[in-house]
Each structure stands twice: as C-alpha cells, then as structure tokens.
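First comes the structure, then the notes that go with it.
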Amino acid sequence: MKEVPTSETSICDLLLLDVCPLGLGIEDIHGQMHTLIRRNTTIPTRTQFYSLFTNAYAYQTTATIRIFEGEHNHTKHNSLLGEFSLSGLTSNYAAQTLEISIRMDIDANGILRVDAEEARSGAKASFTVTPNGQQSTIII
18 MKEVPTSETS ICDLLLLDVC PLGLGIEDIH GQMHTLIRRN TTIPTRTQFY
68 SLFTNAYAYQ TTATIRIFEG EHNHTKHNSL LGEFSLSGLT SNYAAQTLEI
118 SIRMDIDANG ILRVDAEEAR SGAKASFTVT PNGQQSTIII
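Taking the working numbering, the leading residue of the sequence shown gets 18, the next gets one more, and so forth.
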C-alpha cells in the first residue's frame, strides 16, 4: 500500500469490493440447497444458465422455485428470499424429464434477479428481490 501524506493523518490506497455476504441458491425437492452464487462473490455478477433441475413427478405442469440465502446444505437452516412458479410446462410422462434452467444476476445496486426457463415448452419466468426486500414476479 502506498501512503499519501496529509496534514493530519495518512491515507492508504485502498480498493473496496462489494461482495455477496452469503451464498444464494435454489431448493430442490429434498430440501437441499444448490448454491448458484457463492459467498464473497464480487458484485455485480451473473451466473450462466444451470440445467440442473428437473421435474419432481410425472405430468407436472408447474414448478415452484424457492430462492434461499445462507451457507447450510439444508434450506430449513437458511433464509427464504422468495419463491415463484414456472407454469405452462409441457405435460410429461413418467419416463420423460424436463430440463429447467436457472440463472441468477446481482447488479451493482444489489438487486437480485432469478430467471427460469424450460426449453421444451418455452416457459419462462423471472423473480426480482431488491435490497429493501421488495419482490416482484414476471411470467413470460
């Protein structure tokens, strides 16, 4: 660090980074947390679409996506930020699985946006959480 002398005190060159203080993720059907944005990730940040999620049962036409903040593997020990539904999914048979893709963005103002889409049916939805806790859902 380089010190810059002033009349009263010295100030060091300092770089401050805004980071996500806790992990952000999605809950699966078993109550497990799948972390998409890890703790101490600098913001703004954007994840790629993760196709890790599928349907829970046959003939499912709606999927509920629950967003959590925390570090525990079980979502019951983490904080629920919100949830939204991805509806209009193709009715699938027992042998068929859906591929639900999830992406998370945090912008420079700390606004979290979660996008979900299912490729076969073309269903899309998004959910937004602002730093003051306001939530909004957009179904496309």
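Don't be surprised by glycine CBs; every beta carbon is placed ideally from N, CA and C.
Query raised in the report: Is there a Cβ from chain C that is less than 7 Å from the Cβ of residue 108?
Result: You won't find chain C in this structure, because it holds only one protein chain.
Requested in this report: Identify the continuous beta strand (DSSP E) that holds residue 144 and give its terminal residues.
Outcome: Sequence index remark: in the sequence shown, residue 144 carries index 127 (1-based). Where residue 144 is concerned, the enclosing beta strand (DSSP E) starts and stops at 140-146.
Query raised in the report: residue 46 to residue 79, Cα distance in whole Å?
Result: Translated into the one-based positions of the sequence shown, residue 46 becomes position 29. Translated into the one-based positions of the sequence shown, residue 79 becomes position 62. Those two C-alpha atoms are separated by around 13 Å.
Query raised in the report: From which residue to which residue does the beta strand (DSSP E) around residue 35 run?
Result: The sequence position of residue 35 within the sequence shown is 18, counting from 1. Taken as a continuous stretch (DSSP letters only), residue 35 belongs to no beta strand (DSSP E), as it is neither H nor E.
Report task. Just tell me which of 63, 35, 120 and 88 has its CA closest to the CA of residue 82. Result -> Stepping through the sequence shown from its first residue, residue 82 is reached at position 65. Measuring from the Cα of residue 82, the nearest candidate turns out to be 120.
Query raised in the report: What's the gap between the Cα of residue 40 and the Cα of residue 84?
Result: Stepping through the sequence shown from its first residue, residue 40 is reached at position 23. Stepping through the sequence shown from its first residue, residue 84 is reached at position 67. Using only the alpha carbons, I get a separation of about 11 Å.
Report task. In angstroms with no decimal places, state the Cα-to-Cα distance between residue 126 and residue 148. Result -> The sequence position of residue 126 within the sequence shown is 109, counting from 1. The sequence position of residue 148 within the sequence shown is 131, counting from 1. Note on geometry: alpha-carbon atoms of residue 126 and residue 148 lie some 8 Å from one another.
Query raised in the report: For residue 91, which beta-bridge partners are listed by DSSP?
Result: Here residue 91 refers to the residue found at position 74 of the sequence shown. According to DSSP, which records beta bridges pairwise, residue 91 is partnered with 49.
Query - Burial state of residue 133, where buried means 16 or more other Cβ atoms lie within 10 Å - result: The sequence position of residue 133 within the sequence shown is 116, counting from 1. Residue environment: residue 133 is assigned as buried (16 or more neighbouring CB atoms within 10 Å of its CB, all protein chains considered).
**Report entry** Extent of the continuous beta strand (DSSP E) to which residue 80 belongs
**Finding:** The sequence position of residue 80 within the sequence shown is 63, counting from 1. Unbroken beta strand (DSSP E) run through residue 80: 79-86.
Query raised in the report: Straight-line CA distance for residue 60 to residue 37?
Result: Here residue 60 corresponds to residue number 43 of the sequence shown, with the count starting at 1. Here residue 37 corresponds to residue number 20 of the sequence shown, with the count starting at 1. Cα to Cα, residue 60 sits roughly 7 Å from residue 37.
Query raised in the report: Mapping DSSP to helix, strand and coil, what is residue 133?
Result: Walking along the sequence shown from the start, residue 133 turns up at place 116. Strand, per DSSP.
Query raised in the report: So what does DSSP say about residue 70, is it helix, strand or coil?
Result: Residue numbering aside, residue 70 sits at position 53 when the sequence shown is read from its first letter. Strand.
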